[in-house]
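Shown next, in structure tokens, is the structure this report addresses.
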Amino acid sequence: MDKQMRAVYRVSAKTMAILPGAQGSVIYEREQTVVHCRERPLRIIRRSCLDGGASLEGRLEAVRHKTKLARKLPIPINVEENWFAFPTSGLRDHECCWVFYHHIDTVIASHGGFCNIYFHDQQMISVKKSLYTLHRQIQRTGWVMSLFLFQ
Numbered sequence: 204m205d206k207q208m209r210a211v212y213r214v215s216a217k218t219m220a221i222l223p224g225a226q227g228s229v230i231y232e233r234e235q236t237v238v239h240c241r242e243r244p245l246r247i248i249r250r251s252c253l254d255g256g257a258s259l260e261g262r263l264e265a266v267r268h269k270t271k272l273a274r275k276l277p278i279p280i281n282v283e284e285n286w287f288a289f290p291t292s293g294l295r296d297h298e299c300c301w302v303f304y305h306h307i308d309t310v311i312a313s314h315g316g317f318c319n320i321y322f323h324d325q326q327m328i329s330v331k332k333s334l335y336t337l338h339r340q341i342q343r344t345g346w347v348m349s350l351f352l353f354q
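Just so we're on the same page, the numbering used here is the position in the sequence shown counted from 1, plus 203.
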């Protein structure tokens, strides 16, 4: 597994998940790559939304408007590139992880309130969320994708 350290990270088509780390973020990318970054996950998401054409706040407002949902909203990071991610908890939660929808293969409940998220390249992350919560977030993200991509 390839490990890298960066001061700044930009979301790409290879980004599968952004997790909080001890000193910033741990990013899982396709092809067995793990990137450590000094930035917190929400800062990476904010800049990536701007790179994709709108602020995070604008994206959140658009999703709220289209869905009438209020919390843990999936985010269209870059609609043209089909990059949609969902948070595992509220945005203010320092343990919030961001998972990119199109890389998910399966989600399996583990023990102690954890779930394992397996990606298409066989990498796995473990998050402290219920299977119900993760399945709901995946469904909501699919719904948001349909609202933004197929109008």
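We put the beta carbon where it would ideally sit given N, CA and C, even for glycine.
Cβ atoms of Glu284 and Pro223 stay farther apart than 8 Å, at about 24 Å. Taking 4 residues as the shortest admissible run, the stretch 280 to 352 contains the following complete alpha helix (DSSP H) segments, listed from N- to C-terminal end: 334 to 352. Here the alpha carbons of Lys269 and Ser228 stand approximately 30 Å from one another. In the structure shown, the three-state DSSP call for Ala265 is helix. According to the DSSP assignment, Ser251 belongs to the alpha helix (DSSP H) that extends over 244 to 254. By the C-beta density criterion, Leu337 is buried, having at least 16 other C-beta atoms within 10 angstroms. When DSSP states are grouped into helix, strand and coil, Glu232 belongs to the strand group. Burial check for Gly293: the Cβ neighbour count within 10 Å stays below 16, so the residue is exposed. In the three-state scheme derived from DSSP, where H, G and I count as helix and E and B as strand, Leu222 is classed as strand. Beta-bridge partners of Lys206 (DSSP): Val237.
In its chain, beyond the 5 residues on either side, Thr291, Cys300, Phe317, Cys318, Ile320 have a beta carbon closer than 7 Å to the beta carbon of Val330. Distances from the CA of Lys217 to each of Ala288, Pro277, Lys332, Val347 were compared; the closest alpha carbon is that of Ala288. With contacts defined as CB atoms closer than 9 Å, Ala210 and Arg241 qualify as a contacting pair.
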